[in-house]
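J.:
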Amino acid sequence: MLEPLHQLGSRLLDLLYPPLCELCGDGLGNGRALCGACMEDLPRLQMPFCKSCGEAFEGEIEGDFACPNCATLEFSFEFARSALVRDPRTLDLIHRLKYGREVYLATELGRLGAEAFDDPRLAPALLGKWPLIPVPLHRKRQQARHFNQAQELARAISKHVDLPLLNALLRHRSTETQTLLSRRQRLENLRGAFSLGKQGRSWVKKFPAGAILIDDVLTTGSTVDECAKTLRLGGFQKVIVVTIMRG
(Lines of atoms letter the chains of each structure in order from A and count residues from 1; the text may use other names and numbers.)
(Lines give C-alpha, C1' and ligand atoms only; values in the text may rest on other atoms or scores of the structure.)
Protein backbone atom coordinates (compact mmCIF):
# COMPACT_ATOMS: atom_id res chain seq x y z
CA MET A 1 0.00 0.00 0.00
CA LEU A 2 1.41 3.34 -1.06
CA GLU A 3 2.25 5.80 1.69
CA PRO A 4 -0.01 8.91 1.63
CA LEU A 5 1.59 11.74 -0.28
CA HIS A 6 1.55 14.16 2.65
CA GLN A 7 3.38 11.65 4.85
CA LEU A 8 5.93 11.03 2.12
CA GLY A 9 6.42 14.78 1.71
CA SER A 10 6.89 15.15 5.45
CA ARG A 11 9.57 12.46 5.47
CA LEU A 12 11.42 14.10 2.58
CA LEU A 13 11.40 17.44 4.38
CA ASP A 14 12.70 15.73 7.52
CA LEU A 15 15.64 14.41 5.50
CA LEU A 16 16.41 17.82 3.99
CA TYR A 17 15.76 19.88 7.10
CA PRO A 18 15.92 17.64 10.20
CA PRO A 19 13.35 19.01 12.67
CA LEU A 20 14.22 19.77 16.26
CA CYS A 21 12.01 19.78 19.34
CA GLU A 22 10.84 23.33 19.98
CA LEU A 23 11.54 22.94 23.70
CA CYS A 24 14.65 20.80 24.14
CA GLY A 25 16.27 20.81 20.69
CA ASP A 26 16.39 17.03 20.25
CA GLY A 27 15.90 15.61 16.76
CA LEU A 28 12.39 14.70 15.60
CA GLY A 29 10.62 13.02 12.72
CA ASN A 30 7.25 12.80 10.97
CA GLY A 31 6.62 16.51 11.03
CA ARG A 32 6.37 16.78 14.81
CA ALA A 33 7.36 19.94 16.67
CA LEU A 34 7.72 18.51 20.19
CA CYS A 35 9.44 15.33 21.30
CA GLY A 36 7.56 12.75 23.34
CA ALA A 37 9.45 13.53 26.52
CA CYS A 38 8.65 17.26 26.36
CA MET A 39 5.02 16.56 25.50
CA GLU A 40 4.71 14.34 28.57
CA ASP A 41 6.55 16.79 30.81
CA LEU A 42 4.17 19.72 30.25
CA PRO A 43 1.98 19.84 33.38
CA ARG A 44 -1.63 18.77 32.84
CA LEU A 45 -4.64 20.04 34.74
CA GLN A 46 -5.57 17.30 37.18
CA MET A 47 -8.07 16.91 39.97
CA PRO A 48 -8.84 18.71 42.14
CA PHE A 49 -9.84 21.84 40.23
CA CYS A 50 -12.72 24.32 40.23
CA LYS A 51 -15.84 22.77 38.69
CA SER A 52 -16.68 26.07 36.99
CA CYS A 53 -13.49 27.67 35.67
CA GLY A 54 -10.93 24.86 35.96
CA GLU A 55 -8.65 26.72 38.37
CA ALA A 56 -6.25 24.15 39.86
CA PHE A 57 -6.32 23.55 43.62
CA GLU A 58 -3.07 22.68 45.34
CA GLY A 59 -3.77 20.19 48.07
CA GLU A 60 -6.36 17.55 48.81
CA ILE A 61 -10.09 18.10 48.70
CA GLU A 62 -13.06 15.76 48.35
CA GLY A 63 -15.94 16.35 45.97
CA ASP A 64 -16.72 19.27 43.69
CA PHE A 65 -15.81 22.77 44.74
CA ALA A 66 -15.90 26.29 43.30
CA CYS A 67 -12.87 28.52 43.69
CA PRO A 68 -13.28 31.87 45.49
CA ASN A 69 -13.38 33.69 42.13
CA CYS A 70 -16.35 31.63 40.91
CA ALA A 71 -18.28 31.28 44.15
CA THR A 72 -20.25 34.47 43.55
CA LEU A 73 -20.29 34.45 39.73
CA GLU A 74 -22.84 33.12 37.26
CA PHE A 75 -21.39 32.13 33.89
CA SER A 76 -23.25 31.68 30.61
CA PHE A 77 -21.23 28.50 29.98
CA GLU A 78 -21.69 25.19 31.79
CA PHE A 79 -18.03 24.92 32.77
CA ALA A 80 -14.55 25.63 31.43
CA ARG A 81 -11.97 22.89 31.08
CA SER A 82 -8.31 23.51 30.27
CA ALA A 83 -5.88 20.79 29.27
CA LEU A 84 -2.78 22.27 30.92
CA VAL A 85 -1.99 24.42 33.93
CA ARG A 86 0.07 27.59 33.59
CA ASP A 87 3.70 26.83 32.79
CA PRO A 88 6.40 29.03 31.17
CA ARG A 89 7.03 26.46 28.42
CA THR A 90 3.38 26.17 27.45
CA LEU A 91 2.92 29.92 27.59
CA ASP A 92 5.95 30.39 25.37
CA LEU A 93 4.53 28.01 22.76
CA ILE A 94 1.20 29.84 22.82
CA HIS A 95 2.88 33.24 22.49
CA ARG A 96 5.00 32.00 19.60
CA LEU A 97 1.87 30.77 17.85
CA LYS A 98 -0.11 33.89 18.63
CA TYR A 99 2.42 36.69 18.18
CA GLY A 100 5.32 35.01 16.38
CA ARG A 101 3.10 33.56 13.64
CA GLU A 102 4.53 30.08 14.18
CA VAL A 103 1.24 28.57 13.06
CA TYR A 104 2.66 25.03 12.86
CA LEU A 105 2.69 24.99 16.69
CA ALA A 106 -1.12 24.83 16.63
CA THR A 107 -0.82 21.17 15.63
CA GLU A 108 1.01 20.21 18.82
CA LEU A 109 -1.01 22.54 21.04
CA GLY A 110 -4.21 21.14 19.54
CA ARG A 111 -2.99 17.62 20.27
CA LEU A 112 -2.54 18.67 23.90
CA GLY A 113 -5.87 20.51 23.99
CA ALA A 114 -7.69 17.38 22.83
CA GLU A 115 -6.71 15.72 26.12
CA ALA A 116 -9.28 17.93 27.88
CA PHE A 117 -11.98 15.83 26.21
CA ASP A 118 -11.05 12.93 28.47
CA ASP A 119 -13.11 14.77 31.11
CA PRO A 120 -16.31 12.69 31.47
CA ARG A 121 -18.39 15.89 31.57
CA LEU A 122 -17.61 16.32 27.87
CA ALA A 123 -19.02 12.91 26.94
CA PRO A 124 -22.45 14.30 25.89
CA ALA A 125 -20.72 16.81 23.62
CA LEU A 126 -18.69 14.07 21.96
CA LEU A 127 -21.72 11.83 21.59
CA GLY A 128 -23.87 14.66 20.25
CA LYS A 129 -21.19 15.92 17.83
CA TRP A 130 -21.31 19.44 19.21
CA PRO A 131 -19.34 21.88 17.04
CA LEU A 132 -16.04 23.43 18.04
CA ILE A 133 -16.46 27.22 17.87
CA PRO A 134 -13.29 29.33 18.01
CA VAL A 135 -13.35 32.68 19.79
CA PRO A 136 -13.19 35.14 16.87
CA LEU A 137 -10.81 38.01 16.25
CA HIS A 138 -11.93 41.36 14.92
CA ARG A 139 -11.40 41.67 11.17
CA LYS A 140 -8.64 44.28 11.54
CA ARG A 141 -6.69 42.22 14.07
CA GLN A 142 -7.01 39.07 12.00
CA GLN A 143 -5.80 40.92 8.90
CA ALA A 144 -2.77 42.16 10.83
CA ARG A 145 -2.02 38.71 12.27
CA HIS A 146 -3.07 36.82 9.09
CA PHE A 147 -4.80 34.09 11.11
CA ASN A 148 -6.89 33.45 14.21
CA GLN A 149 -4.99 31.29 16.72
CA ALA A 150 -8.23 29.98 18.26
CA GLN A 151 -9.40 28.81 14.86
CA GLU A 152 -6.09 27.04 14.18
CA LEU A 153 -6.30 25.35 17.58
CA ALA A 154 -9.91 24.30 16.98
CA ARG A 155 -8.95 22.87 13.60
CA ALA A 156 -6.16 20.83 15.19
CA ILE A 157 -8.36 19.62 18.06
CA SER A 158 -11.14 18.58 15.67
CA LYS A 159 -8.83 16.04 14.04
CA HIS A 160 -8.37 14.26 17.38
CA VAL A 161 -11.90 14.38 18.77
CA ASP A 162 -13.84 14.05 15.48
CA LEU A 163 -16.02 17.12 16.06
CA PRO A 164 -16.91 19.68 13.38
CA LEU A 165 -15.33 23.14 13.26
CA LEU A 166 -17.87 25.95 13.04
CA ASN A 167 -17.06 29.65 12.66
CA ALA A 168 -20.30 30.64 14.33
CA LEU A 169 -19.30 33.94 15.95
CA LEU A 170 -18.45 37.38 14.59
CA ARG A 171 -16.53 40.07 16.46
CA HIS A 172 -17.79 43.56 15.67
CA ARG A 173 -15.64 45.75 17.87
CA SER A 174 -11.87 45.80 18.05
CA THR A 175 -11.68 45.89 21.83
CA GLU A 176 -8.62 47.19 23.63
CA THR A 177 -6.27 44.63 25.12
CA GLN A 178 -7.66 42.86 28.18
CA THR A 179 -4.34 42.16 29.88
CA LEU A 180 -4.27 45.05 32.37
CA LEU A 181 -8.03 45.32 32.96
CA SER A 182 -10.00 44.11 35.97
CA ARG A 183 -12.74 41.55 35.41
CA ARG A 184 -15.43 44.25 35.62
CA GLN A 185 -13.54 46.38 33.08
CA ARG A 186 -13.09 43.36 30.82
CA LEU A 187 -16.82 42.65 30.85
CA GLU A 188 -17.61 46.26 29.99
CA ASN A 189 -14.93 46.26 27.31
CA LEU A 190 -16.53 43.19 25.66
CA ARG A 191 -20.18 44.12 25.99
CA GLY A 192 -21.87 43.78 22.62
CA ALA A 193 -18.63 42.82 20.87
CA PHE A 194 -19.90 39.50 19.45
CA SER A 195 -22.85 38.28 17.41
CA LEU A 196 -24.00 35.01 15.91
CA GLY A 197 -22.94 34.82 12.26
CA LYS A 198 -24.61 33.18 9.29
CA GLN A 199 -22.95 29.80 9.91
CA GLY A 200 -24.02 29.85 13.55
CA ARG A 201 -27.63 30.80 12.76
CA SER A 202 -27.89 28.07 10.15
CA TRP A 203 -26.39 25.42 12.44
CA VAL A 204 -28.43 26.18 15.54
CA LYS A 205 -31.73 25.80 13.68
CA LYS A 206 -30.94 22.11 13.14
CA PHE A 207 -28.63 21.27 16.05
CA PRO A 208 -29.34 23.50 19.08
CA ALA A 209 -28.19 21.08 21.81
CA GLY A 210 -24.79 22.64 22.48
CA ALA A 211 -21.45 24.01 21.38
CA ILE A 212 -17.85 24.00 22.58
CA LEU A 213 -15.94 27.28 22.64
CA ILE A 214 -12.24 27.01 21.89
CA ASP A 215 -9.56 29.50 22.96
CA ASP A 216 -5.86 29.43 23.81
CA VAL A 217 -5.84 30.58 27.45
CA LEU A 218 -8.52 31.14 30.07
CA THR A 219 -7.76 33.84 32.66
CA THR A 220 -10.80 35.61 34.12
CA GLY A 221 -13.19 33.93 31.69
CA SER A 222 -14.75 37.24 30.64
CA THR A 223 -14.15 36.77 26.89
CA VAL A 224 -15.51 33.23 26.68
CA ASP A 225 -18.41 34.19 28.94
CA GLU A 226 -19.46 36.97 26.56
CA CYS A 227 -19.11 34.54 23.65
CA ALA A 228 -21.16 31.93 25.50
CA LYS A 229 -23.84 34.50 26.27
CA THR A 230 -24.06 35.34 22.57
CA LEU A 231 -24.37 31.66 21.64
CA ARG A 232 -27.03 31.05 24.27
CA LEU A 233 -29.05 34.05 23.13
CA GLY A 234 -28.70 32.74 19.58
CA GLY A 235 -30.34 29.44 20.48
CA PHE A 236 -27.61 27.06 21.67
CA GLN A 237 -28.91 25.31 24.78
CA LYS A 238 -25.53 24.63 26.41
CA VAL A 239 -22.01 25.92 25.96
CA ILE A 240 -18.79 24.36 27.26
CA VAL A 241 -15.41 26.08 27.13
CA VAL A 242 -12.16 24.25 26.30
CA THR A 243 -8.79 25.99 26.33
CA ILE A 244 -5.21 24.81 25.99
CA MET A 245 -3.98 26.40 29.23
CA ARG A 246 -5.50 27.79 32.41
CA GLY A 247 -3.93 31.21 33.01
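Going left to right, the sequence shown walks through residues -11 to 235 as our numbering numbers them.
Every residue gets a Cβ at the ideal spot worked out from N, C-alpha and C, and that includes glycine.
In this text the structure is predicted, and so the values were computed from the model without any measurement.
Sorted by chain position, which residues of the same chain lie with C-beta nearer than 7 Å to Pro196's C-beta, five sequence neighbours on each side aside?
T.: Excluding sequence neighbours, Pro196 sits near Gly223, Phe224, Gln225.
J.: Is it right to say Cys41 is buried, meaning 16 or more other beta carbons lie within 10 angstroms of its own, or is it exposed?
T.: Cys41 comes out buried.
J.: Under DSSP, the alpha helix (DSSP H) around Lys217 begins and ends at which residues?
T.: That run of the alpha helix (DSSP H) goes 210 to 222.
J.: Hey, quick one: how far does the alpha helix (DSSP H) through Lys128 stretch, first residue to last?
T.: Residues 127 to 133.
J.: I need the boundaries of the beta strand (DSSP E) containing Asp29, first residue and last residue.
T.: Run containing Asp29: none in the beta strand (DSSP E); it sits in the alpha helix (DSSP H), 24 to 29.
J.: Under a Cβ-count criterion, where at least 16 other Cβ atoms within 10 Å of its own Cβ denotes burial, should Cys12 be classed as buried or exposed?
T.: By the 10 Å Cβ count, Cys12 comes out exposed.
J.: Tell me which residues share the same chain as Val212 and place their Cβ nearer than 7 Å to its Cβ, disregarding the 5 neighbours each side in the sequence.
T.: Excluding sequence neighbours, Val212 sits near Phe65, Ala68, Val123, Leu201, Asp203, Leu206, Val229.
J.: Among residues of its own chain, excluding the 5 on either side of Glu90, which ones have a beta-carbon nearer than 7 Å to its beta-carbon?
T.: Arg84.
J.: Under the rule that 16 or more other beta-carbon atoms within 10 Å means buried, what is Gly17, buried or exposed?
T.: Gly17 should be labelled exposed.
J.: Taking buried to mean at least 16 other C-beta atoms within 10 Å of its own C-beta, is Gly180 buried or exposed?
T.: By the 10 Å Cβ count, Gly180 comes out exposed.
J.: For my contact list, Leu184 and Leu219 are in at a C-beta cut-off of 8 Å; report their separation, rounded to the angstrom.
T.: With a Cβ gap of about 7 Å, Leu184 and Leu219 count as contacting.
J.: Applying the 10 Å Cβ sphere with the 16-neighbour rule, what's the burial state of Leu114?
T.: Leu114 should be labelled exposed.
J.: Rounded to whole angstroms, what is the Cα-Cα separation between Asn155 and Asp80?
T.: Computed Cα separation, rounded: 26 Å.
J.: Hey, Leu120 and Ile145 are a contact pair by Cβ (cut 8 Å); roughly how many whole angstroms apart?
T.: So it is a contact: roughly 6 Å between Cβ atoms.
J.: Taking only runs that begin and end inside the stretch 93 to 123, name each unbroken alpha helix (DSSP H) of 4 or more residues, in chain order.
T.: Counting whole runs of 4 or more residues, the stretch 93 to 123 contains the alpha helix (DSSP H) stretches 93 to 101, 111 to 115.
J.: Give every residue of the same chain whose Cβ lies closer than 8 Å to the Cβ of Trp191, excluding the five residues on either side of it in the sequence, and list them in chain order.
T.: The residues are Pro119, Leu154, Ala156.
J.: By a C-beta neighbour count over all protein chains shown, 10 Å radius and 16 as the cutoff for buried, is Thr60 buried or exposed?
T.: Exposed is the call here.
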